[in-house]
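Presented below is the structure to which this report refers.
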Amino acid sequence: MKGDLLLLDVTAMAGDAVCVAGIELGSGTTVRLNDPQPTTALLQRIGGLAPGDRIHFDGERRRKAEPPHVEDARWKPESVRKLERLRHDALVEHARKALFPGIRAAFGEPASRGRNGNHAWRPGSGERSLATVELRYVRFEWDERDRLRVAMKDASGDFWNGVPFQDLIVRRHEAECRLCASGHVRHVRSDFEANACLVRVGLTRPFEAEAGKGAGCWLQVTNILARPRGHFGAWDDK
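Offset between the sequence shown (1-based) and our numbering: plus 1.
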């Protein structure tokens, strides 16, 4: 596979690991650059990546990817070339081509619900682990450990709360940005809170969030397409 990938998600994972995913423009399919595992350090070496970037890459889909993470692909980091940054309206137009009215429509019925309200899906099953979903609204809340969480109602009318927001640029700003030291909440709300917008959601790799309940693939928000980004617009805007 040689093609152009329009990035919809650049997502913080555990440690230095990063999830990079988007639409392969030739086929219209969703691809996650998975093997080798992208890291923040690797992205630094290629000048950083952000949602809206169109990149060229060489790779191939994994033939035996474990559901629900069927989007996984092998790739060659040295092949990546950044081609352009799409405007917000063009990015939304592409994201709408595979739009779901709700999270259940995208992932099916969740298998469990955690103490904080978030939901998990069963490992080893499911048709996808990444999706674009239409929302009635999205808001932000904080859990008992003062961690940022998403509360949202999708177009099907289902309400979801306690969902972590894993956009890498937002997470980098929280740790490194001097303006976010006293205004992170304000900037997040300004860039992302909205009515009638699109959200990018994903399912984590399986892990046991609560002792004795078994491993699950937990819901996370990977991007919110509400309006052109302001404070969180680019890799090094801090």
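Glycine is no exception: its CB is placed at the ideal position from the N, C-alpha and C atoms.
Task: Beta-carbon spacing of residue 108, residue 122 below 7 Å - done: On the sequence shown, residue 108 is found 107 positions in, with the first residue counted as 1. On the sequence shown, residue 122 is found 121 positions in, with the first residue counted as 1. It is a contact, given that the beta carbons lie within the stated cut-off.
TODO: Mind checking who residue 31 pairs with in its DSSP beta bridge?
DONE: Residue numbering aside, residue 31 sits at position 30 when the sequence shown is read from its first letter. In DSSP, residue 31 forms a bridge with 24.
Open item on the list: Pairs of beta-carbons, one from the region 169–188 and one from the region 22–36, closer than 8 Å: are there three or more?
Closed with: no
Open item on the list: Quick check: the region 124–142 against the region 194–214, are at least 3 beta-carbon pairs closer than 8 Å?
Closed with: yes
TODO: Could you round the C-beta distance between residue 159 and residue 103 to whole angstroms and report it? I think they count as a contact, below 8 Å.
DONE: As a first step, residue 159 is located in the sequence shown; it is residue number 158 there, counting from the start. As a first step, residue 103 is located in the sequence shown; it is residue number 102 there, counting from the start. Residue 159 to residue 103, Cβ: 5 Å. Contact.
Open item on the list: Once the 5 residues before and after residue 125 are set aside, which same chain residues still bring their CB inside 7 Å of it?
Closed with: Your numbering for residue 125 matches position 124 in the sequence shown. 67 and 68, listed in sequence order.
TODO: Give the secondary structure of residue 70 by DSSP, where H, G and I count as helix, E and B as strand, and everything else as coil.
DONE: The sequence position of residue 70 within the sequence shown is 69, counting from 1. Looking at residue 70 - three-state DSSP - the assignment turns out to be coil, as it is neither helix nor strand.
Task: C-beta contact flag for residue 137 and residue 152 at 7 Å - done: To locate residue 137, count along the sequence shown from 1; it is residue 136. To locate residue 152, count along the sequence shown from 1; it is residue 151. No, they are not a contact pair.
Open item on the list: Restricting to Cα atoms, I'd like to know which of 58, 45 and 8 is closest to residue 18.
Closed with: The count along the sequence shown starts at 1 and reaches residue 18 at position 17. The residue with the shortest Cα to Cα distance from residue 18 is 45.
Task: Alpha carbon of residue 75 to alpha carbon of residue 146, nearest angstrom - done: The sequence position of residue 75 within the sequence shown is 74, counting from 1. The sequence position of residue 146 within the sequence shown is 145, counting from 1. The straight-line gap from Cα to Cα measures roughly 36 Å.
Open item on the list: For a cutoff of 7 Å on Cβ pairs, would you count residue 44 as touching chain C?
Closed with: Note that chain C does not occur in the displayed structure, where there is just one protein chain.
Task: Expected contact under 8 Å - CB spacing of residue 222 and residue 164 to nearest Å - done: Taking the sequence shown and counting its residues from 1, the one referred to as residue 222 is at position 221. Taking the sequence shown and counting its residues from 1, the one referred to as residue 164 is at position 163. At roughly 5 Å, the Cβ-Cβ gap stays under 8 Å, so residue 222 and residue 164 are in contact.
TODO: Throw me the rounded Cβ distance for the residue 83 and residue 48 pair, which I believe falls under 8 Å.
DONE: Counting from one through the sequence shown, the residue named residue 83 turns up at place 82. Counting from one through the sequence shown, the residue named residue 48 turns up at place 47. Indeed they touch by this definition, with Cβ atoms about 6 Å apart.
Task: Cβ-Cβ separation, residue 87 to residue 161 (assumed contact under 8 Å), whole Å - done: Working through the sequence shown from its first residue, we reach residue 161 at position 160. Working through the sequence shown from its first residue, we reach residue 87 at position 86. In fact, because the Cβ distance is near 28 Å, the residues do not count as touching under 8 Å.
Task: Rounded C-alpha distance that separates residue 22 from residue 28 - done: As a first step, residue 22 must be located in the sequence shown, where it is residue number 21. As a first step, residue 28 must be located in the sequence shown, where it is residue number 27. One C-alpha to the other measures close to 14 Å.
Task: Buried or exposed by the 16-neighbour rule on C-beta atoms within 10 Å, applied to residue 177 - done: Position 176 of the sequence shown, counting from 1, holds the residue named residue 177. When all chains shown are included, residue 177 counts as exposed.
Open item on the list: I need the straight-line Cα distance from residue 56 to residue 20, nearest angstrom please.
Closed with: As a first step, residue 56 is located in the sequence shown; it is residue number 55 there, counting from the start. As a first step, residue 20 is located in the sequence shown; it is residue number 19 there, counting from the start. Going by the C-alpha atoms only, they are around 15 Å apart.
Open item on the list: Once the 5 residues before and after residue 211 are set aside, which same chain residues still bring their CB inside 7 Å of it?
Closed with: One-based indexing of the sequence shown puts residue 211 at position 210. Once the five neighbours on either side are set aside, the close Cβ partners of residue 211 are 115 and 116.
- [ ] Output yes or no for whether 7 Å exceeds the beta carbon distance between residue 50 and residue 93.
- [x] Taking the first residue of the sequence shown as position 1, residue 50 is located at position 49. Taking the first residue of the sequence shown as position 1, residue 93 is located at position 92. For residue 50 and residue 93, no; Cβs fall outside 7 Å.
- [ ] Tell whether a beta-carbon distance below 7 Å holds between residue 52 and residue 9.
- [x] Locating residue 52 in the sequence shown gives position 51, where the first residue counts as 1. Locating residue 9 in the sequence shown gives position 8, where the first residue counts as 1. Yes, the pair counts as a contact, with Cβ atoms nearer than the cut-off.
Task: DSSP-derived helix/strand/coil call for residue 113 - done: Start at 1 with the first residue of the sequence shown, and residue 113 comes out as number 112. Note: residue 113 maps to strand in three-state DSSP.
TODO: Closer than 7 Å by C-beta to residue 181: which residues in its own chain qualify, once you throw out the five before and the five after it? Chain order, please.
DONE: Working through the sequence shown from its first residue, we reach residue 181 at position 180. So the list reads 174, 175 and 188, once near-sequence residues are dropped.
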